[in-house]
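With the numbering used here, the residue at position 188 of the sequence shown is 172, and numbering never jumps.
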Amino acid sequence: MKKYIQLCFALLLFSSCKGQINSVTTSQPTLSDYKIGEKWVWKYKGVTTKGEVRSQGTDTRKIIDVNGKLHITISKDTIPVSDIVKPETSETPKYDWPLKVGKKWVYEENWTSQDGTTGKQQLNAEVLSYKEEIVEAGAFMAYTIHYNGNITNSRGYNAIVDEVWLYAPEVKNFIKLTQKQDDFVYNEELIMYSDRPSKSKVNLESQIIGKVKFLEEPENFSTIVDKMVDYKIPALSLAIINDGKIEWADMYQNPSMSEQNLHDSSVFQAASLSKPVTFFAALRMHTKGKIDLDENIENYLKRYKLPQGKQTAENPVTFRNIFAHTSGITSGGYQGYAKNQAMPSDVAILKGIEGVNSPAIEVITTPNEILAYSGGGYTLAEVALQDIFNEEFSTILEDWILDPIGMENSQFTQPLQPSDSSNVAKGYTSNGNVVEGGWRNHPEQAAAGLWSNATDMANFLIEIYKGYQGESAVFSKSEIQSILNQKRDGHIYGLIVDKSDASFAITHYGGNAGYRTGMTIDLNTGKGLVYLINSDNGGALGNELLLSASQLYNWNHFKRTSVKRNTLDIPLLKQLSGKYKWNNQVELSISFNEAAKQLLLHFPNGDTYTLIPVKDSELSFINPNNGVKVQFLKSSEFKSFNLYGQMAVKHK
């Protein structure tokens, strides 16, 4: 870890390099050489000579404006650019400006770590060449700078250090680094550089549309920021995937909610996006022979006994039917627990004991008979995996999925360690108020406990896409193919499937208190999107982002609905207000907004849909953002309506 911190500090210093190029030298930059919107993305990997991966992921830096001054984001830090372009005053500097082929100097550094250990690094430096170099981000003219020497500390450590840096003045930064120290080799390579927002990024930011196109009416575009203000959304982590790569990613913040200080590494609750991450980790375990997806899960359980229900020895509950939501286990999701509440164990949650806010799980239908969303099933799988590996669930998922993919900002830790709490985008209610304590804890980690951001979740989707294309180092093509022929009622292991001759898209959504999330990718084209939003109102913007990206990037899925607007009398609209029971289970309500003269549909989770009257054979309404249609029936004197193919009946 000490070595990695030193390296990051060195990268920070080197990132201040730019200068004016001539045939001989390159000088140190000034503040004016940087501008808002510049962005660098590197991939890195550190391995031992035995092949043990110590670090792997991506490193993103961006120039942003903070109170009118340029800052650079580096990991979780935001640093004034003026601090990193100060002239070097040391007689033994890391970089001896101006750079020139053949130039030699000595670099020395002394330090004291937090535990009192002192150390010294002494390296000979030389600029070897200036020529074209090719990295993933492109071809650049670059200086090759070689450092070699040794590093020692007061604990008796003594190692030879050998480093090669490729610095490209065009991008004002290094484009490749190789560091060797004892049995450890670290490599870093620039995979993307941009000195201005892409045209498609600008277009998406300014051309947000809803699900519904009202015929014979002009298009009504909005900006992302305007929508965030309208919906009282504090922050949005967004990533666009094109051709199986992250084309761009960004963190958006509501200018009217200035108490935030988020950055590219900030994390959100991923909510139910936790489920596919858990499933694909288990898929890898199955391939490696560590678990059998088709084994009776009761054979894996040590700390919990599954009550007898509809399962049998011949037709048991298994990992496979749990992940496919066909286990027959009690349906439903989770509310989480306030930070000032005692957080129950996952076994306690399965039992539904005192202090748990969800019912005990039961196998209420025959396994493999019906598709029914079950968060409880995932918690059962969580307990089984911990019993198998004798490890914390967060550690298991880190080893099997997060680290292999390079999801460096993601973790399943519940509750978060205090040191990580400052990196959280706090959740907000639909009224624009912060959730008590900032967020709720989710001991149901497999179902809802992942912390992540759009870049990490996009990398997760991309790895699945690569597996489908036979190009992944994490998932084999046979692994991915083995699950894709198991579609049931439009789903594959909880993923919504949209398949046609041209498209094979998979989509998943999530919602915890204060958070709404979504992700999609087309496995044929590599086009997709991920959003994580810290607001109960985030679902509306999420749907609009998917539709807008579909239109802009020419996706084969997420198409719009065209309707003609209708005009209805106010007394009739008011008559429809009241409380309804949908599908004999869920309490819904309809209210009339006097100011907007519109009906609103309210769901128990806090979601509210605006309803616009449209021309149809029944008394019909549509939500302009997501296209959800509500049809009040004349035959019931408008005391019932159809929603998602099920009936809602008025009772108050």
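Ideal Cβ positions, reconstructed from N, Cα and C, are used throughout, including at glycine. Just so you know, these numbers come straight off a predicted model, no measurement behind them.
Top-ranked residue by Cα proximity to residue i, from the options
| i | options | result |
| --- | --- | --- |
| Lys53 | Gln453, Ile63, Thr76 and Met327 | Ile63 |
| Gly562 | Phe205, Ser534, Phe576 and Pro555 | Phe576 |
| Asp330 | His309, Phe303, Gly360 and Ile348 | Gly360 |
| Lys197 | Lys543, Gln319, Val90 and Asp276 | Lys543 |
| Asn204 | Asp99, Val301 and Ile192 | Ile192 |
| Lys185 | Tyr151, Lys211 and Trp232 | Trp232 |
| Lys634 | Ser484, Ile574 and Asn607 | Ile574 |
| Asp167 | Ser240, Glu201, Gly35 and Ile159 | Gly35 |
| Trp647 | Gly41, Gly103 and Lys88 | The structure shown does not extend to residue 647, since the chain is modelled only from -15 through 636, so no value can be given for it. |
| Leu536 | Val65, Asn226, Ser11 and Pro153 | Asn226 |
| Lys259 | Lys70, Ala579 and Phe303 | Phe303 |
| Arg180 | Val481, Tyr18, Gly474 and Pro328 | Tyr18 |
| Gln401 | Val419, Ile389 and Ser378 | Ser378 |
| Thr594 | Ser601, Asp600, Glu578 and Glu602 | Glu578 |
| Glu282 | Asn417, Val347 and Gln244 | Val347 |
CB contact flag (residue i, residue j, <9 Å)
| i | j | result |
| --- | --- | --- |
| Asn443 | Lys60 | no |
| Ala254 | Tyr79 | no |
| Tyr515 | Leu222 | yes |
| Asn108 | Asn137 | no |
| Tyr493 | Leu257 | yes |
| Phe488 | Tyr452 | yes |
| Tyr321 | Arg424 | yes |
| Asp520 | Ser436 | no |
| Thr527 | Asn589 | What sits at residue 527 in the sequence shown is Asn, not Thr. No, they are not a contact pair. |
| Val111 | Trp24 | no |
| Glu120 | Glu173 | yes |
| Met391 | Gly41 | yes |
| Leu525 | Leu557 | no |
| Thr363 | Ala431 | yes |
| Tyr449 | Leu507 | yes |
| Leu334 | Tyr284 | no |
| Val614 | Phe587 | no |
| Val69 | Leu15 | yes |
| Lys471 | Lys483 | yes |
| Ile217 | Gly454 | no |
Continuous alpha helix (DSSP H) stretch holding residue i: start and end
| i | result |
| --- | --- |
| Met631 | Premise fails: Met631 lies in the beta strand (DSSP E), Gln630 to Lys634, not in any alpha helix (DSSP H). |
| Glu621 | Careful: Glu621 lies outside any alpha helix (DSSP H) and carries neither H nor E. |
| Asn305 | Phe303 to Phe307 |
| Asn527 | Gly522 to Tyr537 |
| Lys335 | Asp330 to Lys335 |
| Asp404 | Pro402 to Ser405 |
Nonlocal neighbours in the same chain, by C-beta distance under 7 Å from residue i, ignoring five residues either side
| i | result |
| --- | --- |
| Trp566 | Leu572, Leu627, Gln630 and Ala632 |
| Gln373 | A quick correction: the sequence has Phe, not Gln, at residue 373. Excluding positions up to five away in sequence, the list reads Ile380. |
| Ile275 | Ala266, Met269, Phe303 and Ile372 |
| Leu434 | Ala254, Leu257, Ser258, Val261, Ser394 and Phe396 |
| Tyr318 | Ser342, Gly359, His426, Glu428, Ala431 and Ala432 |
Coarse secondary structure for residue i, derived from DSSP in three states
| i | result |
| --- | --- |
| Asn341 | coil |
| Phe587 | coil |
| Met241 | coil |
| Trp423 | coil |
| Ser561 | coil |
| Asp371 | helix |
| Ile5 | Because Ile5 sits at a pLDDT of 42, beneath the cut-off of 50, its placement in the model cannot be relied upon, and the point is left open. |
| Ser258 | helix |
| His475 | strand |
| Lys160 | strand |
| Arg500 | strand |
| Ala265 | helix |
| Tyr593 | strand |
| Leu188 | helix |
| Gly451 | helix |
| Tyr318 | coil |
| Tyr141 | coil |
| Leu627 | strand |
Contact set for residue i: own chain, Cβ-Cβ below 8 Å, skip 5 residues either direction
| i | result |
| --- | --- |
| Val37 | Lys29, Gly30, Val31 and Asp387 |
| Val145 | Gln105, Leu107, Tyr131, Asn132, Gly133, Asn134, Ile135, Gln163, Lys164 and Gln165 |
| Gly21 | Lys46, Ile47, Ser178, Asp179, Arg180 and Pro181 |
Run of the beta strand (DSSP E) containing residue i, from where it starts to where it stops
| i | result |
| --- | --- |
| Asn137 | Gly122 to Asn137 |
| Tyr37 | It should be noted that the sequence gives Val, not Tyr, for residue 37. It spans Val37 to Val50 - the beta strand (DSSP E) in which Val37 sits, taken as one unbroken run. |
| Asp61 | Asp61 to Pro64 |
| Thr102 | Thr102 to Val119 |
| Tyr91 | Lys88 to Thr96 |
Check: residue i C-beta below 8 Å from any heavy atom of the ligand FMN
| i | result |
| --- | --- |
| Ser311 | Of ligands this structure carries none, so the ligand FMN is not represented either. |
Contacts around residue i, its chain only, beta-carbon distance under 6 Å, and the 5 residues preceding and following it disregarded
| i | result |
| --- | --- |
| Glu147 | Tyr131 and Gln163 |
| Ile5 | In this prediction, Ile5 has a pLDDT of 42, which is less than 50 and means its spatial position is unreliable; what the coordinates show is noted afterwards. The residues are Pro153. |
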